[in-house]
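Student: The structure under discussion is supplied below as structure tokens; questions concerning it will follow.
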Amino acid sequence: MKDAPGTRDYDWWLIAILLAICTLGVIEIYSATQGSSLAGMHTKQIRWLALGFILMFVLSRLDYHLILDQAWILYLVGVVALVAVLIFGHTRFGAKRWLPLIGELFQVSELVKLIIIIWLARFFAEVRTDELSLRDLIKAGLLVALPLALILKQPDLGTALVLMPLLVVGAFLGGLQWQHAAVITLAGALLVGSVFYPPVSKHILKPYQRERITSFLHPEEDAKGSGYQLLQSKIAVGSGGFWGKGFRNGTQNQLGYIPVRYSDFIMSAWAEEQGFKGVLIALGLYMALLLRLVQNAQRAKDRAGMFLVMGVAAALGFHVLVNVAMVIGAMPVTGIPLPLMSYGGSATLFVFLAIGLVMNVRIRRFVN
Amino acid sequence: MSYSLRNDNRLPQARLAVVSYVIVGMIGLLLIGFWKLQVIDSDKYSQWADRNRIRSIPVIAPRGRMLDRDGRVLVDNYPSFSVLLLRDDPALVMKDLPLIAEGLGVPLNDLADQLDSARELPKFQPIVIKPEATPADVAFIESHRSDIPLLEMLMVHRRRYLPNGFMAHTSGYVGEVSEKQIEDSNSKLRPGDFVGKSGLERQYNDMLQGTDGMRRVIVNSVGKEVDRLPTQEAIPGKQIQLTIDYDLQQVAEQSLGPRDGAVVALDPRTGEVLAMVSHPAADPNDFAVRISGKEWKDLNDDPDKPMLNRAIQAQLAPGSVFKIIMATAMLEDKVPPENFTAFCPGYATFYGRQFKCWVYGKSSHGTVDLHTAITKSCDIFFYNVGMRLGIDRISYYASHLGLGRRTGIDLPSEEPGLVPSEEWAQRVYHRKWYAGETISVAIGQGAVTATPLQLAKVIGGIAMGGIYKQPHLLKDAQNVGEDRFQISASTIEKVTDGMYGVVNEAGGTASALKLTGIEFSGKSGTAQIINYDLRTRLGKGKEFKDNSWFVGYAPRRPPEIVVSVLVQAGGHGSEAAGPVVRDVIKAYYDKKAKKFDGQVTADGKGYDPGNTAPPATALPPVLKQQTQPNAVPVRARAEVNPR
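Sequence order for the protein chains is A and B. For reference, each letter of the first sequence is one residue, going 55 to 422 in my numbering. For reference, each letter of the second sequence is one residue, going 8 to 650 in my numbering.
Shown next as structure tokens:
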């Protein structure tokens, strides 16, 4: 039974790193919410994590080649779901992102991230040359652009942005030519530039998005808006010092100065209470996680598996980068959670399903 | 298709390695960012975190109270609330300012001005934007705690003075500190602080003003107080006991009534000021909180000058009261000799000019000696004395007896008055002294001026035998100054006998004021404010009525109390000012004889004493401790014994 890998084939190191990061997250969620109206959130998060582990193992059993075979169907399902969200979705915090499913509200865009990883893996694996043609590149770009536009419409700039590195990393590994890379870089620079240039940005960004950009560039002009959030986050991180203020002792955290301290800004709360040493541990674990993913990609049995694993690595790496850079005030507020540490059902399940794909590739590396 | 996917195993290992480096580089950059915040700039952010959560609210120290000599409260405090604006977050302040202005009913411009004047202060120091919060303001602040977290209420102690301007000039008043005072105070004072602006409040400000404390609380992100840090307690100001006798003060206030003028009662043995009144007076309670620019301007521009403490600041011709100085000079210099007499036909001519006696046109004094000249206040006699003494001898005695310089009373802004001399004419007007001027000065007219306090000190000092105690208002004053100017016993006897005669002898100018059983002595003065000739030409308009003076004391020698009264435009000295002196002296003796029952023999001048009596709460039982604020009241001593 060569298609039934044993438990020894799982990447137990990866699981250990995963568990360690989740533990930090649960500890900080507890610290950030205890004594407040949100108390008990950490047990809810543990339930999500448990469910995530189960889903991860379940997904790992289903041969990824079978999944890749259905990539186009999954893609269509994803687009239909996004359209459904725009029509029937629940509105929270001013955005239509949630669809009710088994009693909980799920962010469809989290699932779409997974679908795009799968679809891109299939797409680039089918490009059989080592040099990616412009035609294929544009085709991939357009097919990513459709769900991206739908997610932007919710609006959810953060999740929409995550689709970009999936495409970029995929194209890079798929044999992107340097001329194309230069053109794309230029286009990207223009896009970023226009986002930061008010006369253009007012046509392409929502008012709240422009406000976030403005407050990122001029935090002092927006003392109670998102500039305030960034400033309070920086104060929390900075006042933590090297050793931190201690578990449940962060004043910025406990007195509520850090915005959504149990979710998007959980790294801020962690850095305040655990200090630079805690940050070293957390970022060290994330680096280990990402490098371990790359290693798994290198050992994948085929190009399709490699693309799958690297799609996951790109998504998680981008999440970590954007979220942590926001916490230290180096990037605007985008609403991207920190994988495995931030509280959140859909986001947690997405990460575990994504790791499930990685395991899927891993356990089949020797199978032929 | 599945087949082809499965068999394509050309992996881009080099590009995967590049991705690994990118990951390491990314984590490295993030760590550098954390290092900068958490290690390099950590102190700055720690301070910001503290500033976020720790809110410092001043605890205002109550000012010391002022008690009268028997321990009755003259100036008290009452609690009140001020509205504080927390300025840590300038952007937020600017955003919420219009809302705050509307909610508190304060013009937006005013708020902006106040912020502007506080811009030099550290941002964590809140400023007072409304000194007296109404219940509506309190409700506004409480209901907007979360959306306008910039407002805080501060319990402060406001000054309560006795109503209707009772003793107002002496106590003075407090007001918001000026920018200059803040600069001078070495950052001890802050905008919105109250300091003494005049009178005793200003004189003893350092003593009365306590040291404010600081309450530090921890607030959460919506401005709600969640915990407290140790409070730095406020140190209350020291209570001061005054030499003022509330009973005499009240009699003096009522007796002077609504007329412009001043009353000063001294104990010449110690220099203690028993009463000090100046009318008209403004009620300091009206501006104990905050006075508008217009009200303040009106007060200062009022032609009646209600802000002037006439007892120490009215520099006016002393009129015939000056004759006591002339008599002393004559007897001491023996120029002319003491048995000198002059004939008074009602007028006399000196240096080619006619000078009139005050009885001119009604009668004449005939031949007068010194005693009669004092009791009947004959001008002709003293013209002659003045001519013989000359201005420099007059100036010598007047200066040494205490005129022309400040008495040194413990009040700010005392005026020195003026004693003219040849040197003075040369220095100020660059001209020679005209001999004719000496004749006017001899009866207290012309250039010579004095304040009511000076006259009380001089007359009391002469009656004391040449010992002039420095007048003071602080009961336990240390090192009370004293001037001595040797006057022979016989001079003192003759002069005091003269002043006794003024009240007690038939024909004395104040014989109507005689008090049975009391050796009430004194000297009246009726000072022209323009000369006779001019007045005759303009007609006897009311505005040219003479200033009425009377300085009286009792007993004949040595005195226990001396009272100096000025009634501006009061007419004859013994008619307007004299009765006031008598009322105060009678009250003093009545109290001394334990007969004092609060009734006053005011001359029925139509002054409504209605609200002059302080509210019951302002007069707790006698307090003996002086510098111990909030002391437990001690039961009143059974008897009040002023001396």
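Backbone N, C-alpha and C fix where the C-beta goes; we use that ideal spot for every residue, glycine too.
For B/PRO273, count neighbouring Cβ atoms within 10 angstroms of its own Cβ and tell me buried if that reaches 16, exposed if not.
Tutor: A small correction: the amino acid at residue 273 of chain B is Leu; Pro does not occupy that position in the sequence shown. The C-beta of B/LEU273 has 16 or more other C-beta atoms within 10 Å across all chains shown, which makes the residue buried.
Student: For B/ALA620, decide whether its Cβ has a neighbour in chain A, counting only Cβ atoms nearer than 8 Å.
Tutor: Because B/ALA620 sits at a pLDDT of 41, beneath the cut-off of 50, its placement in the model cannot be relied upon, and the point is left open.
Student: Between which two residues does the alpha helix (DSSP H) carrying B/SER178 extend?
Tutor: 175 to 178
Student: List, in chain order, every chain A residue whose beta-carbon is nearer than 7 Å to that of B/ARG60.
Tutor: Near B/ARG60 (Cβ distances below 7 Å), the residues of chain A are THR305, LEU309.
Student: Between A/GLN352 and chain B, is any beta-carbon pair separated by less than 8 Å?
Tutor: At least one C-beta of chain B is nearer than 8 Å to the C-beta of A/GLN352.
Student: For B/ALA561, which of helix, strand or coil comes out of DSSP?
Tutor: strand
Student: Run through the stretch 266 to 351 of chain B for me and flag every whole alpha helix (DSSP H) of 4 or more residues, listed as ranges in chain order.
Tutor: 300 to 308, 317 to 320, 330 to 340
Student: Whole beta strand (DSSP E) runs in the stretch 132 to 174 of chain A with 3 or more residues, listed along the chain?
Tutor: 144 to 146, 149 to 155, 158 to 161
Student: Roughly how many angstroms separate the alpha carbons of B/LEU249 and B/THR177, rounded to a whole number?
Tutor: Annotation: B/LEU249 to B/THR177 spans about 10 Å, alpha carbon to alpha carbon.
Student: Chain B beta carbons: is any one of them nearer than 8 Å to that of A/TYR4?
Tutor: Given that chain A is displayed from residue 55 to residue 422, the structure contains no residue 4 of chain A and the question cannot be resolved.
Student: Rounded to whole angstroms, what's the CA-CA distance from A/SER91 to A/GLY310? Just pull it up for me.
Tutor: Roughly 12 Å separates the two Cα atoms.
Student: 8 Å is my cut-off, CB to CB: does A/LYS56 come that close to chain B?
Tutor: Summary for A/LYS56: the model assigns pLDDT 47, below 50, so the residue's position carries little reliability, and this model does not support an answer.
Student: Quick check on B/ASN84: does DSSP put it in helix, strand or coil?
Tutor: strand
Student: Report yes or no: is there a C-beta of chain B within less than 8 Å of the C-beta of A/VAL378?
Tutor: yes
Student: Taking the alpha-carbon positions, what's the B/ASP254 to B/ARG266 distance?
Tutor: 20 Å
Student: I'd like to know whether the C-beta of B/ILE30 is nearer than 8 Å to at least one C-beta of chain A.
Tutor: yes
Student: Out of B/SER371, B/ASP340, B/ALA289, which has the shortest C-alpha to C-alpha gap to B/ASP399?
Tutor: B/ASP340
Student: From B/GLU127 to B/GLU183, what does the alpha carbon distance come to, in whole angstroms?
Tutor: Going by the C-alpha atoms only, they are around 17 Å apart.
Student: Nearest CA to the CA of B/ALA563: which residue from B/ALA454, B/ASP590, B/THR503, B/VAL465?
Tutor: With the sequence shown as reference, residue 563 of chain B is identified as Arg, and Ala is not the correct amino acid for it. Closest by alpha carbon: B/THR503.
Student: Residue range of the alpha helix (DSSP H) that B/PRO586 falls in?
Tutor: 580 to 599
Student: So which residues on chain B does A/GLY294 lean against when the C-beta distance must stay under 7 Å?
Tutor: GLN45
Student: Establish whether the CB of A/TYR129 and some CB of chain B are separated by less than 8 Å.
Tutor: For A/TYR129, the answer is no, since every Cβ of chain B falls outside 8 Å of its Cβ.
Student: So, with DSSP's three-state summary, where would you put B/ALA380?
Tutor: helix
Student: Among B/ALA449, B/ILE319, B/GLY451, B/ASP309, which residue has its Cα nearest to the Cα of B/SER205?
Tutor: Selection B/ALA449, B/ILE319, B/GLY451, B/ASP309 evaluated against B/SER205 yields B/ILE319 as nearest (Cα-Cα).
Student: Residues of chain B with a CB under 8 Å from the CB of A/LEU227: which are they?
Tutor: PRO19, ARG22, LEU23, VAL26
Student: What is the rounded straight-line gap between the Cα of A/THR145 and the Cα of B/ARG197?
Tutor: 51 Å
Student: I'd like to know if the stretch 132 to 150 of chain B and the stretch 210 to 221 of chain B are in contact, where contact means that at least 3 CB-CB pairs between them fall below 8 Å.
Tutor: no
Student: With distances taken between CB atoms, is the gap from B/LYS530 to B/SER327 smaller than 8 Å?
Tutor: yes
Student: Taking the C-alpha atoms as reference points, what is the distance between B/GLY508 and B/PRO423?
Tutor: 30 Å
Student: With a 10 Å radius around its C-beta and 16 neighbouring C-beta atoms as the bar for buried, classify B/MET101 as buried or exposed.
Tutor: In summary, B/MET101 is exposed, with fewer than 16 beta-carbon neighbours lying within 10 Å of its beta-carbon over all protein chains present.
Student: Could you check which residue in A/LEU347, A/MET218, A/LEU168, A/VAL348 has the C-alpha nearest to that of A/ILE121?
Tutor: A/LEU168
Student: Name the two residues that bound the continuous alpha helix (DSSP H) containing B/GLN257.
Tutor: It spans 253 to 263 - the alpha helix (DSSP H) in which B/GLN257 sits, taken as one unbroken run.
Student: Quick check: the Cα distance between B/ARG438 and B/ALA432, rounded to an integer number of angstroms?
Tutor: 6 Å
Student: Apart from the five residues on each side of it in sequence, which residues of its chain come closer than 8 Å, Cβ to Cβ, to A/ARG357?
Tutor: Closer than 8 Å at Cβ, skipping near neighbours: PHE178, ALA179.
Student: Show which residues of chain B have a CB atom less than 7 Å away from the CB atom of A/ALA384.
Tutor: GLY40
Student: Only counting the same chain, and skipping five residues up and downstream in sequence, which positions put a Cβ closer than 8 Å to that of A/ARG302?
Tutor: Answer for A/ARG302: SER85, GLN88, GLN308, GLU327, listed in chain order.
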